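Enquirer: The structure under discussion is supplied below as structure tokens; questions concerning it will follow.
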Amino acid sequence: MAKNNDGKMSREEAGRLGGEATANNHDKEFYQEIGKKGGEATSKSHDKDFYQEIGQKGGEATSKSHDKEFYQEIGQKGGEATSESHGKDFYEDIGRKGGEATSESHGREFYQEIGQQGGEARSNSGNGDGKMSREEAGRKGGEARARQRDRRN
Numbered sequence: 001m002a003k004n005n006d007g008k009m010s011r012e013e014a015g016r017l018g019g020e021a022t023a024n025n026h027d028k029e030f031y032q033e034i035g036k037k038g039g040e041a042t043s044k045s046h047d048k049d050f051y052q053e054i055g056q057k058g059g060e061a062t063s064k065s066h067d068k069e070f071y072q073e074i075g076q077k078g079g080e081a082t083s084e085s086h087g088k089d090f091y092e093d094i095g096r097k098g099g100e101a102t103s104e105s106h107g108r109e110f111y112q113e114i115g116q117q118g119g120e121a122r123s124n125s126g127n128g129d130g131k132m133s134r135e136e137a138g139r140k141g142g143e144a145r146a147r148q149r150d151r152r153n
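As numbered in the UniProt record's numbering, the sequence shown has no gaps in its residue numbers, which increase by one up to the final residue, 153.
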């Protein structure tokens, strides 16, 4: 037991012993309840900017401590979990919503451009059947989106 110069228990030691006693006297539900109360109190005293800031800091810290494979693995797990818990209607709904959002934020010229680029990509794919690989289609689509964003900025 750590003692101060006056022979009393240190603050750190008292805190550790108190934490151990609390852990011995309470179950998982107790901690869930106090966590919920703490979260509710925090949400009342902080605004959206606070949560955005701590989320950004957490994301930056995570990106520094994890590599590309980590993100690939959690993305795959998330995709698998989503596909197991959602059916065809879910994907149709999010596809429709995504299409509507894109339609609202892009004009006719955008669709003409990506259509033209898609046609050119297919004719230039060089594999004889006029089809390009998924990788090539994704790359070209990403390049088209980046050019479109650059023009808006």
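All C-beta atoms, glycine included, are put in the ideal place defined by N, C-alpha and C.
Nothing here was measured: the structure is a model prediction, and the numbers come from that model.
Going by DSSP, what residue range makes up the alpha helix (DSSP H) through ASN25?
Expert: Unbroken alpha helix (DSSP H) run through ASN25: 11-25.
Enquirer: Below 8 Å on the Cβ atoms is my contact criterion, and I expect GLU109 with ALA144 to pass it. Report the Cβ-Cβ distance as a whole number of Å.
Expert: Rounded, the Cβ-Cβ distance is 12 Å, inconsistent with contact.
Enquirer: In three-state DSSP terms, what is ASP49?
Expert: The answer is helix: DSSP assigns ASP49 an H, G or I state.
Enquirer: Taking just the CA atoms, how far does GLU13 sit from GLU20?
Expert: Distance between the alpha carbons of GLU20 and GLU13 is about 11 Å.
Enquirer: Please report how far the alpha carbon of GLY78 lies from the alpha carbon of ASP6, in whole angstroms.
Expert: Cα-Cα distance, rounded: 56 Å.
Enquirer: Can you round the beta-carbon distance between LYS140 and GLN117 to whole angstroms, since I take them to be within the 8 Å contact cut?
Expert: Sure, about 6 Å apart at Cβ, within 8 Å.
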